[in-house]
Amino acid sequence: MLYIFDLGNVIVDIDFNRVLGVWSDLGRVPLALLQSRFQMGKNFEQHERGEISDEQFAANLCAELDIALGFEQFTAGWQAVFVGVRPEVINIMTRLREQGERVVILSNTNRLHCKYWPSQYPEVQQAADKLYLSQDMGVRKPEPQIYQKVLAEEGVTAGQAVFFDDNLANIEAARALGITSVHVTDAGVVPGYFASRLA
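Read in order, the letters of the sequence shown are residues 86 to 284 in this note's numbering.
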């Protein structure tokens, strides 16, 4: 089987309020105001597909939030999103590979984050056979092509894959292609799924 894991809030806990907290302090803008303005719209999607640069993304987002930040200040906040690894998921990924299963990561992400998290969490890359990252692939979840590209690259059918993600839209898109998909609503879902399967 091919096991496909999302990164954020599946393997690594993330929290965008931490990002906004840093920007609030640096830009001297009330946190509640930033929270009311913050949305993951077209700018996010273009950045995750690699269609715009980190600098353009930062400028666009600062304009949307109406906050004056230098690029280094923006980056300092942006990397604050990462809270920490879920070690029980790393353990499951490692055990699956020891049993001869194929384990990959499929993440909507961007170059800024990929300059940061691999050095902070080396165990994540070590637990996966391959990383599929939206900014390298030119497509992002929940676009069907991203799942189709992974299946084709791995040489498996949809029926031979299991997908874990915290975003319901991504789950529904994968299910529509015939991929067994598990909606990760909290840290107990993945260990729960494998409790009887990895006995």
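By construction, the Cβ of each residue, glycine as well, lies at the ideal position given by its N, Cα and C atoms.
Alpha helix (DSSP H) segment containing residue i, residue limits
i	result
aspartate 139	139 to 150
glycine 126	Where glycine 126 is concerned, there is no enclosing alpha helix (DSSP H), given that its DSSP letter is neither H nor E.
glycine 277	274 to 279
leucine 197	196 to 199
Cβ-based burial, residue i [other Cβ within 10 Å; buried from 16]
i	result
alanine 237	exposed
glutamine 124	exposed
threonine 242	exposed
glutamine 205	exposed
glutamate 173	exposed
glutamine 220	buried
glycine 185	exposed
Paired residues, beta bridge with residue i - DSSP
i	result
threonine 265	Val247
lysine 215	Val189
leucine 181	Leucine 181 is not bridged to any residue.
Cutoff 8 Å; reference residue i; Cβ partners in own chain excluding five residues on either side
i	result
isoleucine 137	Asn128, Gln131, Asn145
leucine 111	Leu154, Gln158, Ala161, Gly162
Residue range of the unbroken beta strand (DSSP E) whose run includes residue i
i	result
isoleucine 99	97 to 99
glycine 169	167 to 170
Beta-carbon contacts of residue i that lie in its chain and below 6 Å, excluding the five residues immediately before and after
i	result
phenylalanine 279	Ile177
arginine 187	Leu87, Asp214
alanine 259	Tyr232, Phe248, Ser266
aspartate 139	Arg196, Leu197
Rounded separation between residue i and residue j - CA only
i	j	result
valine 114	glutamine 164	19 Å
isoleucine 231	glycine 240	14 Å
alanine 354	lysine 234	Residue 354 lies beyond the stretch modelled for the chain, which goes from 86 to 284, so this question has no answer here.
isoleucine 256	histidine 268	6 Å
Cutoff 8 Å: residue i Cβ touching any chain C Cβ
i	result
asparagine 94	Structure shown: chain C not included; a single protein chain is present.
Residue i CB to nearest heavy atom of the ligand MN below 7 Å
i	result
leucine 150	Ligands in the displayed structure: none, and consequently the ligand MN is not present.
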